Amino acid sequence: MKRKFLAVAIVLCMTLVLAMTACTPTYTLTLYDQDGKTVLGTVEAKEGSAPVKPADPKKDGFVFDGWYVTPTSTKPYDFTAPLTEDAAAYAHWKTEGYEDSRNWVIVGSGIGWTAEEAISFQKVEGSGNVFEVTVDVNLGDELKCTVLNPDGVLDYNNPDGANVGFDLLTDPDGNFDEGSGLGDAPKNIICANAGNYTFTLTTDPVNSNNSLSAVRNGDVVGGNEPTGVVMTYYIKGDKITNWKDFINAGTTLKETTTEGVYTIAVYMVEGDSFMFASLQTEDGVTTAGTVYIKYVNLDEDSKALFEDSGGNMITKAAGMYSFTYNVETAVLSATVDTTYTPEPADYYIDGTFVEGMSWEGYCFNEDYKLVQDAENPHVYTLEHVHLPEGSELIIQAFKEGATERGEWGTDTYTGLGNYQYANLFNGGENFSAVSATNNNIKVLKTSDYKITFNSHSKMITIEDENIPDDAYVYGTMTGAGWAVDPAWKMTYDADAKTYTLTKEFTEGDRFGIRICVGNTTDQRSWANASNVSGSPAGFDISGSDISCTVTGTYTVVVDMSGETPVVTIAAATAAE
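Structural data, given as structure tokens:
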């Protein structure tokens with residue numbers, strides 16, 4: 001009897017186990033090709049079990065690159081994770097035998113969105129289609145990678161063009177988030193943690209096969225925790241920056257993968273006088289550097305491209321100039337592509353500064369179109385623009401003659417880029433960025449303004465038309481020498497349109513008059529010995545500077561009522 005009971009118990013247990021096994025659900029992992037439609041196979045696994053990784057598929061002309069969670073994702077499928085529902089994995093491929101010789105570049109809000117501003121990747125030798133670039137990225141900067149085509153067009157503006165954005169970034173790691181993007185186009189990468197980054201790009205003819213990784217090397221130049229002395233080199237000149245120290249991604253030399261070697265590519269017009277200046281950052285404090293890169297630094301071959309103008313360089317021809325500076329040798333080399341010309345463009349102010357118009361109605365409206373300067377066609381201005389406090393604005397660029405924006409990603413799209421607070425020279429107390437993640441220009445003071453845009457350096461200047469210019473005596477005795485010094489600021493008489501200063505001058509002092517945009521130190525014009533009326537006693541005006549030859553107290557007057565400044569100097573009277 002016991003044996004019968006034991007046999008029945010065993011049978012019941014086996015039946016229970018079989019029943020439990022039969023009740024365990026089975027899930028299917030469907031293996032798709034990269035098109036997201038073609039099924040390459042399936043793998044089944046019971047609930048709680050991981051699917052068995054299949055053998056690598058094969059395709060003529062391609063090399064299998066792994067299974068991924070979506071057709072475009074850079075996240076590999078995890079074959080060690082148990083299935084809890086039906087799932088899918090997608091094959092990714094690389095083109096077999098492809099050698100990428102394209103000019104890959106990085107563009108963005110902190111770099112610039114145009115061909116002239118783009119920063120080129122450098123191909124990593126001996127590692128296939130791998131490219132690298134190291135750049136500073138600030139909080140809120142948006143960026144993407146694309147190809148600069150031989151015709152000067154950035155490929156992301158073309159339908160199905162190369163466009164590497166957030167979806168192809170393999171390791172955001174809290175440093176980057178998904179940014180903006182139009183329609184179904186890849187979204188930009190937005191910086192969530194400012195720093196100096198090395199981007200590594202692995203490429204393929206198929207855009208979705210590209211992958212991008214980012215490694216944070218440390219803080220940005222001039223960040224909160226700099227180490228040692230960091231040098232920054234930038235271009236300044238007559239046409240390119242109106243001799244302003246305008247420092248942004250489009251004017252700053254970038255260090256290459258070779259330490260101490262810096263490069264910049266910039267379009268310049270014929271006859272532009274320019275040089276390179278420097279900044280030095282130490283312990284978080286940035287000051288003017290002592291390194292100036294001039295004609296004397298050019299190698300012999302490069303000197304043929306420029307005239308020597310008192311040490312500055314003057315371009316002999318218009319074109320896209322590429323400069324390379326070696327810090328160790330202090331040698332500057334240059335090449336020029338004279339066949340390159342910037343795409344003609346129209347520029348409009350856009351924003352929220354007109355009541356009832358918020359980011360609509362400005363572009364393609366002649367009332368908000370910047371006017372091209374006849375003598376300096378790279379300069380565009382718009383005067384008497386009323387900007388209320390709290391409003392926002394940017395400058396938008398479109399193909400010349402365009403009357404509508406068109407559809408992004410098609411041949412009808414006419415947009416060429418936009419320019420924001422990062423492009424504004426010296427916002428001062430009147431302007432700021434909207435926020436750390438919004439780079440639009442925010443108006444802090446209601447007034448009437450003159451807006452100027454330099455299409456080569458992408459520099460925006462905005463001047464308050466209701467504030468008169470300031471004038472300073474500027475020379476060897478001001479500040480630490482040749483610096484704007486409030487003690488040497490001249491008094492303005494609005495009725496007479498004159499500036500006056502009475503001050504003691506010492507024998508050997510040399511100076512001129514620096515006329516600045518009101519409430520700033522931004523130079524608008526300059527008066528020197530050639531502007532002095534007569535032959536004032538106690539001064540030598542035979543050179544370019546005004547030189548004091550007899551120590552004494554003098555009154556300097558600058559008359560701005562005519563087309564050019566007229567300077568008079570006389571010994572001060574007792575009343576003065």
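Quick note: the sequence shown uses full-length UniProt numbering, first residue 1, plus one each step.
We treat Cβ as the ideally placed atom computed from N, Cα and C, and that holds for glycine.
The structure presented is a predicted model; accordingly, all values stated were derived computationally and were not measured.
Alpha carbons only, please: which of Y27, T315 and V69 is nearest the one belonging to D33?
When only C-alpha atoms are compared, the closest one is V69.
| field | First through last residue of the beta strand (DSSP E) which encompasses E44 | value | Start and end: V39 to K46.
**Asked** In three-state terms, what does DSSP make of D540?
**Response** DSSP places D540 within a strand segment (E or B) once states are collapsed to three.
In DSSP terms, what E275 is bridged to | Residue identity differs from the one stated: residue 275 is Met in this sequence, not Glu. In the DSSP secondary-structure assignment, M275 is bridged to K236.
*asked:* From the DSSP secondary-structure annotation, give me the bridge partner or partners of W488.
replied: Looking at the DSSP assignment, W488 forms no beta bridge with any residue, so it has no partner.
Report task. Please classify L168: does DSSP put it in a helix, a strand, or coil? Result -> In this structure, L168 counts as helix in the three-state DSSP scheme.
**Item:** Whole-angstrom distance between N209 and W93, CA atom to CA atom
**Value:** Rounded to whole angstroms, W93 to N209 spans 7 Å at the Cα level.
### Query
Does the Cβ of W526 have 16 or more other Cβ atoms within 10 Å, making it buried, or fewer, making it exposed?
Burial call: exposed.
task = Compare the beta carbon distance of L169 and L212 with 8 Å and say whether it is the shorter of the two.
result = Cβ distance < 8 Å, so L169 and L212 count as in contact.
Could you compute how far the alpha carbon of E428 sits from the alpha carbon of N438? A quick correction: the sequence has Gly, not Glu, at residue 428. The C-alpha of N438 is placed about 18 Å away from the C-alpha of G428.
So, is V556 buried or exposed, given that buried needs 16 or more other C-beta atoms within 10 angstroms? The residue is buried, with at least 16 neighbouring Cβ atoms inside 10 Å.
- Task: Say whether the stretch 103 to 111 touches the stretch 70 to 89, bearing in mind that this needs 3 or more beta-carbon pairs closer than 8 Å, one atom from each stretch.
- Result: Counting Cβ pairs under 8 Å, fewer than three are found: no touch.
message: For the structure I just gave you, are there three or more beta carbon pairs, one from the stretch 252 to 267 and one from the stretch 344 to 358, closer than 8 Å?
response: Touching, no, given that fewer than three Cβ pairs across the two stretches are closer than 8 Å.
**Reference V379, options D346, D350, I394 and T403, closest by Cα** = Restricting attention to D346, D350, I394 and T403, the CA atom closest to the CA of V379 is found in D346.
Under three-state DSSP, which class holds N312? Strand, per DSSP.
How many angstroms separate the CA atom of G409 from the CA atom of G479?
-> Approximately 54 Å, taken between the alpha carbons.
| Simplified DSSP state of D559, which is helix, strand or coil | In the three-state reduction of the DSSP assignment, D559 falls in the strand class.
The alpha helix (DSSP H) with E300 in it runs from where to where? Run containing E300: E300 to K303, per the alpha helix (DSSP H) assignment.
Checklist entry - DSSP state of V63, grouped into three classes? => result In the three-state reduction of the DSSP assignment, V63 falls in the strand class.
Any idea which residues DSSP pairs R216 with across the strands?
For R216, the beta-bridge partners assigned by DSSP are Y197.
Exercise for review: Please check if any C-beta of chain B sits within less than 8 Å of the C-beta of P344.
Suggested key: The chain labelled as chain B is not found in the depicted structure, where only one protein chain is given.
Notebook entry, point to check: Tell me, which residues are paired with S525 by DSSP?
Noted result: Its beta-bridge partners are I515.
Review point. Can you pull the DSSP bridge partners for K254?
Key: Paired residues: T263.
Can you give me the C-alpha to C-alpha distance between E463 and E400, rounded to a whole angstrom?
When the Cα atoms are used, E463 and E400 turn out to be separated by approximately 26 Å.
Checklist line | Cβ-Cβ distance between A529 and D545 below 8 Å | finding: Contact: yes.
TODO: Would you check if there are 3 or more beta carbon pairs closer than 8 Å linking the stretch 235 to 254 to the stretch 270 to 281?
DONE: Flag = yes, the stretch 235 to 254 and the stretch 270 to 281 touch.
Extent of the continuous beta strand (DSSP E) run through S333: For S333, the enclosing beta strand (DSSP E) has its first and last residue at V331 to D337.
query = Can the beta-carbon of L298 be found closer than 8 Å to that of A334?
reply = The answer is yes: Cβ separation under 8 Å.
Worksheet item: In chain order, which continuous runs of the beta strand (DSSP E) of length 3 or greater are located wholly inside the stretch 424 to 462?
Response: DSSP runs (the beta strand (DSSP E)) wholly in the stretch 424 to 462: 431 to 435, 438 to 443 and 447 to 454.
On the DSSP letters alone, give me the boundaries of the beta strand (DSSP E) that H378 sits inside.
First-last for H378: undefined, no H or E at that position.
- Would you identify the three-state DSSP class for V285, choosing helix, strand or coil? V285 falls in the strand class under three-state DSSP.
If you reduce the DSSP assignment to three classes, tell me which class N138 lands in. N138 sits in coil when the DSSP states are folded into three classes, being neither helix nor strand.
- Query: Three-state secondary structure (DSSP) at S530?
  - Reply: Helix at S530.
Please say whether G195 and G218 have beta carbons closer to each other than 8 Å?
Against a cut-off of 8 Å, the Cβ pair of G195 and G218 comes out as a contact.
**Report entry** Best match in Q396, T476 and Y325 for proximity to W359 [C-alpha to C-alpha]
**Finding:** Proximity to W359 across Q396, T476 and Y325 peaks at Q396, based on C-alpha coordinates.
* What residues in its chain sit with their C-beta under 8 Å from that of A571, if we drop five residues either side in the sequence? -> A537, G538, G552, T553, Y554 and T555.
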